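Beneath this line is the structure, given in structure tokens, with notes to follow.
Number of protein chains: 2
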Amino acid sequence: MHSEVVASRSADQRDSRESRNGNPHLDAVSLAIIEQLQQDGRRPYAAIGKAVGLSEAAVRQRVQKLLDQGVMQIVAVTDPLTVGFRRQAMVGVNAEGDVEAIADALSDMSEVEYVVMTAGSFDILAEIVCEDDDHLLDVINKRIRALPGVRSTESFVYLKLKKQTYMWGTR
Amino acid sequence: MHSEVVASRSADQRDSRESRNGNPHLDAVSLAIIEQLQQDGRRPYAAIGKAVGLSEAAVRQRVQKLLDQGVMQIVAVTDPLTVGFRRQAMVGVNAEGDVEAIADALSDMSEVEYVVMTAGSFDILAEIVCEDDDHLLDVINKRIRALPGVRSTESFVYLKLKKQTYMWGTR
DNA sequence: AACACGGCTGCGAAATCCGTAGGTCTCGGT
DNA sequence: ACCGAGACCTACGGATTTCGCAGCCGTGTT
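Respectively, the protein sequence lines represent chains P and H.
Adding 21 to a residue's 1-based position in the first sequence gives its number in this note's numbering.
Adding 21 to a residue's 1-based position in the second sequence gives its number in this note's numbering.
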């Protein structure tokens, strides 16, 4: 049937401290719960409990804790194209000075979906979601390049999205 | 209070065909429903109904349809770091020949979270999620560079994730 | 030993979900 | 003009789920 996760109780309870990097530690059962919710964010607690070998209430408490801790969130994700956003691009940014401040400024823009500081020939990568070419042009040229400290940018306009998963932790 | 979406009934019902690009058309009410679920994927239908001005059953039917059509999915998303993936990178790929086939090959790799074909100095951008440096190195050098048609790659190792939203359609 | 703490179970009440029947409006065919 | 099909909504009762809480059990501390 569905692979039960049998976890010795005592082992579970020992594992509920923080690991050294300050992140909450996740045991096998919590990972299994996350996997269930990655398949269907609305799956009932009782069904999850049956799959991972826990009571409904226990699953509910764990899920609530994972949400509170910010380990996961349960959200609707959409295909941008069907929601009316026809132009997307990844923008590589070269910056000088306070790079993190620039990353914060990018994060404040609503058209910017994703910001990450990187090592390599770009200091920052930012994903932009726009309604049309004019909108995209405006964001890149007028707003991003105008930020103080931005030395140069390079844009990669999306032609075709091939894969997009939310399956972290499910391998 | 919370901004009600008042939609003239007749206008709604007219709007439920396919738009010319084959994508299901979304009216204001469906967008409002999506917004609600982007804030909390488990929000009860009745609460959503109150917010968007529809009955519980109507919301339920719309949500089901949006899921069936693939317009959205309700899933748990996690912070990769807390789930044990410590190294991430964006890889830009230059390719020759059948670029789409290469993108497909990348998509088949479980470590590859995100693949997009682009215009610009890279043909493909791929996001890699790995457990450690060895794993990352292995994926990039042994598996990606080994693909026939891959001319060159450039990697951007993630230093700090600054923003990651799932708020498409919410502006 | 006693106690605090974290985590699990069990249970009853409240809230939610689900299927379905029935109404309205629009469009298309006869 | 009329009728039927289809899309979408509301209403409603029964099944299911969620929720809060009391109680229990290991573990670690004093």
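Ideal placement from N, C-alpha and C gives every residue a C-beta, glycine not left out.
In this text the structure is predicted, and so the values were computed from the model without any measurement.
Just to make sure I have the definition right: I need the residues of chain H whose C-beta is within less than 8 Å of the C-beta of residue i. Which are they?
i               : result
G141 of chain P : E175, S176, F177 and V178
R63 of chain P  : G62, R63 and I95
S128 of chain P : K183 and K184
D125 of chain P : K183
Tell me whether residue i sits in a helix, a strand or coil according to DSSP, three-state version.
i               : result
T99 of chain H  : strand
R38 of chain P  : Low confidence applies here, because R38 of chain P scores a pLDDT of 45, under 50, leaving its location unreliable; read the following figure in that light. If DSSP states are grouped into helix, strand and coil, R38 of chain P belongs with coil.
A116 of chain P : strand
R172 of chain H : strand
V92 of chain H  : coil
A110 of chain P : strand
R148 of chain P : Just to set this straight, residue 148 of chain P is Glu in the shown sequence, not Arg. Looking at E148 of chain P - three-state DSSP - the assignment turns out to be strand.
Y220 of chain H : Given that chain H is displayed from residue 22 to residue 192, the structure contains no residue 220 of chain H and the question cannot be resolved.
I69 of chain P  : helix
L87 of chain P  : helix
H23 of chain H  : Model confidence at H23 of chain H stands at a pLDDT of 42, short of 50, so the residue's coordinates are unreliable; what they give is reported in the following sentence. Coil at H23 of chain H, not helix or strand.
L75 of chain P  : coil
A167 of chain H : coil
L158 of chain H : helix
L182 of chain H : strand
Leaving out five residues before and five after residue i in sequence, what residues of the same chain have Cβ atoms less than 6 Å from its Cβ?
i               : result
G170 of chain P : A116, E117, G118 and I123
H156 of chain H : none
V137 of chain P : L146
Y66 of chain P  : E77, V80 and R81
L87 of chain P  : M93
L127 of chain P : V133, V136 and A147
Excluding the five sequence neighbours on either side, which residues of its own chain have a C-beta within less than 7 Å of the C-beta of residue i, listed in chain order?
i               : result
R83 of chain H  : S51 and I54
Q185 of chain H : none
G62 of chain H  : I95
D154 of chain P : R108
F166 of chain H : Reading off the sequence shown, one finds Arg at residue 166 of chain H, where the question assumed Phe. Hits under 7 Å: T174.
Please list the partners that residue i has in chain P, where partner means a Cβ-to-Cβ separation under 8 Å.
i               : result
L47 of chain H  : T103, V104 and G105
V114 of chain H : Under the 8 Å cutoff, chain P gives no residues; its nearest Cβ is about 11 Å from V114 of chain H.
By Cβ distance below 8 Å, which residues in the same chain neighbour residue i in space, the five residues on each side in sequence not counted?
i               : result
I161 of chain H : A110, V112, I149, T174 and S176
G70 of chain P  : S76, E77, A79 and V80
S143 of chain P : One detail in the question is off: residue 143 of chain P reads as Phe in this sequence, not Ser. Within the same chain, F143 of chain P has close Cβ partners G113, V114, N115 and E175.
V98 of chain P  : Y187
I178 of chain P : In the sequence under discussion, the amino acid at residue 178 of chain P is Val, which differs from the Ile named in the question. So the list reads R108, Q109, A110 and L157, once near-sequence residues are dropped.
R164 of chain P : M130
What in chain P is Cβ-close to residue i, meaning under 9 Å?
i              : result
Q59 of chain H : V96, A97, V98 and T99
V50 of chain H : Correct list: empty, because the minimum Cβ distance to chain P is about 14 Å.
Applying a beta-carbon distance threshold of less than 9 Å, which residues of chain H neighbour residue i?
i               : result
V133 of chain P : K184 and T186
I55 of chain P  : A97, T99 and V104
G10 of chain P  : The structure shown does not extend to residue 10 of chain P, since chain P is modelled only from 22 through 192, so no value can be given for it.
**Message:** For the pair the region 125 to 136 of chain P and the region 149 to 167 of chain P, tell me if three or more CB-CB distances fall below 8 Å.
**Reply:** These segments touch.
**Any 3 or more C-beta pairs closer than 8 Å across the region 103 to 117 of chain P and the region 160 to 178 of chain P** = Contact between the region 103 to 117 of chain P and the region 160 to 178 of chain P is present: three or more C-beta pairs spanning the two stretches fall below 8 Å.
**Three or more C-beta pairs below 8 Å linking the region 98 to 111 of chain H and the region 90 to 101 of chain P** = Taking a contact to require three or more Cβ pairs closer than 8 Å, the region 98 to 111 of chain H and the region 90 to 101 of chain P qualify as touching.
**Request:** Could you run through the region 145 to 173 of chain P and flag, in chain order, every residue whose CB is less than 7 Å away from some CB of chain H?
**Result:** Answer in chain order: L146 and V150.
**Request:** Residues of the region 64 to 79 of chain P with a CB closer than 7 Å to any CB of chain H: list them in chain order, please.
**Result:** Using a CB distance below 7 Å, no part of the region 64 to 79 of chain P faces chain H.
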